[in-house]
Amino acid sequence: MKSFIRLFAALAILLSFTFAAQAHEDHLPWTDGVIKKIDATAGKLTIAHGRIVNLDMPPMTMSFKAKTPALLAKWKEGDKIRFRVAEVGGALTVISIEAAK
Ligand SMILES: [Cu+2]
498 MKSFIRLFAA LAILLSFTFA AQAHEDHLPW TDGVIKKIDA TAGKLTIAHG RIVNLDMPPM
558 TMSFKAKTPA LLAKWKEGDK IRFRVAEVGG ALTVISIEAA K
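FYI, in the numbering used here the residues of the sequence shown are 498 to 598.
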């Protein structure tokens, strides 16, 4: 019985972390940018970006990791976008991309 409770507690903690991570991503601010280069093989893209509020980063052109390969599929060089970025395991990672408004 005790081990069952422990297992249940562990599962509950794990679930709350998963939801917290998702909620955090949903609250990341959008940053404006222009796609300069896409490297689908490496799963990376280069973006000329505006100020990134959540990373306290000034505007510049730099390379980011893409969270998933699918994220890069519908975009090309020169596209004006807005995107969400976060540090994931030490790498600056693009979480989501939308067409610029
Ligand atoms: Cu930058």
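C-beta atoms are modelled at their ideal positions from N, C-alpha and C, and glycine is treated no differently.
Reduced DSSP secondary structure (H/G/I, E/B, other) of Arg-581: Reduced to three states, the DSSP call for Arg-581 is strand.
beta-carbon His-521 near ligand 1 non-hydrogen atom, thresh 7 Å: Distance from the C-beta of His-521 to the nearest heavy atom of ligand 1 is not below 7 Å.
Residues of its chain near Asn-551, where Cβ-Cβ distance is below 8 Å and the 5 sequence neighbours each way are ignored: Cβ neighbours of Asn-551 within its own chain (closer than 8 Å, five residues either side excluded): Leu-525, Pro-526, Val-582 and Ala-583.
Local Cβ density within 10 Å of Lys-577, reported as buried at 16 or more and exposed below that: Counting the other CB atoms within 10 Å of its CB gives Lys-577 a total below 16, which places it among the exposed residues.
Ordered list of beta strand (DSSP E) runs contained in the segment 536-595, each at least 3 residues: Within the segment 536-595, the complete beta strand (DSSP E) runs of at least 3 residues are 541-546, 557-563 and 577-585.
Span separating the alpha-carbon of Val-591 from that of Leu-568: Leu-568 has its alpha-carbon roughly 9 Å from the corresponding atom of Val-591.
C-beta neighbour in chain C for Ala-570, strict 8 Å: No chain C appears in the structure shown, which is made up of a single protein chain.
beta-carbon His-546 near ligand 1 non-hydrogen atom, thresh 7 Å: Because some heavy atom of ligand 1 lies under 7 Å away, the Cβ of His-546 counts as near it: yes.
Own chain partners of Lys-562 with C-beta closer than 8 Å, once the 5 adjacent residues on each side are dropped: Annotation for Lys-562: Gly-540, Lys-541, Val-585, Ala-588, Leu-589, Thr-590 and Val-591 place their beta carbon closer than 8 Å to its own, counting only its chain and skipping 5 residues before and after.
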